[in-house]
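**Q** Here it is, the structure in full.
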Amino acid sequence: MTFDPRIENEISSQPYPLLFATISGAHLYGFPSPDSDYDLRGVHILPVREVIGLEAGRETIEVSEIRDGLEIDLVTHDVKKFFGLLLKKNGYVMEQLFSPLVLRASPEQEELKAIAQTCLTRHHSHHYFGFAETQWKLFDKERPRRVKPLLYVYRVLLTGIHLMRSGEIEANLVLLNQEFKLPYISDLIARKLSGPEKSTLEDADVEFHQREYERLRAELERAFQASQLPETPSGKAALNDLLIRLRMQTIEN
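The sequence shown stops at residue 258 when you use our numbering, and every number in between is there.
This is how it looks when you write it as structure tokens:
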């Protein structure tokens, strides 16, 4: 897959080796507007000397800039911090790891994906409940109400339901809707893609979407109750082994 050279330049300019780098945000979710920024997410590997020494390396790197007219938002975490997040019910990091929009890959990324599967639990549903509630409140308080937060509401609820049912991460709303077949999703996406002039909703639509929001929340609750995913992650030892190997590679290199 070929990406904009400005994105490639941003990734190439990072100060530490990257375990992986992917695209998240609206491009991953399947509804980027013409002016959407690029959310770049990844994992870097601090060298041993910047972990054990008095001069600690940058555990998190954040860059927000406009590069030759392209708005870029980049966040990478050191492997230890990222691995710790994988052991929590954090849907964000799972979506970043499993994003198909891959800017940088490594053999260890594939190993990490396999380990991450053992870190998925029933309680990741709480992440999606919380995110959906936050986005619904944002949608409901604005005047005029915008399509973007409403799309995020549907995206996270469908991602959560799909995860509870299948044990797989899928963050693309277009692909998710092939399973759920909600007839209004394609219209909402078309409104967002068309630009600001059509990306708001009439008040008459709100009651319908509130009912759908509550229905899908109830569906996520049922999927959580019925899920075959484990209660707790089991990948800590494997993550620890991988972390040690990645750190040792920085000495050898």
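Heads up, the beta-carbon is just placed ideally off N, CA and C, and yes, glycines get one too.
So L268 and M169 are supposed to be a Cβ contact under 8 Å. How far apart are they, rounded?
**A** Missing from the structure shown is residue 268; the chain here goes from 6 to 258 and no further.
**Q** Does the beta-carbon of T237 have 16 or more other beta-carbons within 10 angstroms, so that it is buried, or is it exposed?
**A** The sequence position of residue 237 within the sequence shown is 232, counting from 1. T237 is exposed by the Cβ-count criterion.
**Q** From which residue to which residue does the beta strand (DSSP E) around V53 run?
**A** For the purposes of this step, residue 53 is identified with residue 48 of the sequence shown, where counting begins at 1. Segment: none, V53 is in no beta strand (DSSP E) and carries neither H nor E.
**Q** Quick one: residues in its chain with C-beta nearer than 7 Å to the C-beta of R11, no 5 flanking neighbours on either side, listed in chain order?
**A** Working through the sequence shown from its first residue, we reach residue 11 at position 6. Contacts found: R72, D73 and L75.
**Q** How many Å lie between L156 and G165 at the Cα?
**A** The count along the sequence shown starts at 1 and reaches residue 156 at position 151. The count along the sequence shown starts at 1 and reaches residue 165 at position 160. Their backbone Cα atoms lie some 14 Å apart in a straight line.
**Q** Would you mind sorting A137 into buried or exposed? The rule is 16 or more other CB atoms within 10 Å of its CB.
**A** Here residue 137 refers to the residue found at position 132 when the sequence shown is read from its first residue. Buried, since its Cβ has 16 or more Cβ neighbours within 10 Å.
**Q** Quick one: Cα of L234 to Cα of L206, how far?
**A** Position 229 of the sequence shown, counted from the start, is the residue given in the question as residue 234. Position 201 of the sequence shown, counted from the start, is the residue given in the question as residue 206. CA-CA distance, L234 to L206, rounds to 37 Å.
**Q** Could you tell me which of H131, S104 and D78 sits nearest to K118, measuring between CA atoms?
**A** Working through the sequence shown from its first residue, we reach residue 118 at position 113. Of the listed residues, the one whose Cα sits closest to K118 is S104.
**Q** For K153, count the other beta carbons within 10 Å of its own beta carbon; 16 or more makes it buried, fewer makes it exposed. Which is it?
**A** Residue 153 sits at position 148 when you count from the first residue of the sequence shown. By the neighbour-count rule (16 or more Cβ atoms within 10 Å), K153 is buried.
**Q** In its own chain, which residues sit with a C-beta less than 7 Å from the C-beta of S171, not counting the 5 before and 5 after it?
**A** Position 166 of the sequence shown, counted from the start, is the residue given in the question as residue 171. Taking S171 as the centre and dropping the five residues before and after it, the same chain places no C-beta closer than 7 Å to its C-beta.
**Q** Among E100, I120, L23 and A231, whose alpha-carbon lies nearest the alpha-carbon of N177?
**A** Residue numbering aside, residue 177 sits at position 172 when the sequence shown is read from its first letter. Here the closest residue by C-alpha is E100.
**Q** For the segment 48–67 and the segment 16–34, state whether three or more C-beta atom pairs, one from each stretch, are separated by less than 8 Å.
**A** yes
**Q** What residues are listed by DSSP as bridge partners for D44?
**A** Within the sequence shown, numbered from 1, the residue matching residue 44 stands at position 39. DSSP, once it has assigned bridges, lists S29 and D78 as partnering D44.
**Q** Determine the closest residue to A231 out of E116, K142 and H128, with distance taken between C-alpha atoms.
**A** Here residue 231 corresponds to residue number 226 of the sequence shown, with the count starting at 1. Ranking the options by Cα distance to A231, first place goes to H128.
**Q** So, with DSSP's three-state summary, where would you put L193?
**A** Locating residue 193 in the sequence shown gives position 188, where the first residue counts as 1. Note: L193 maps to helix in three-state DSSP.
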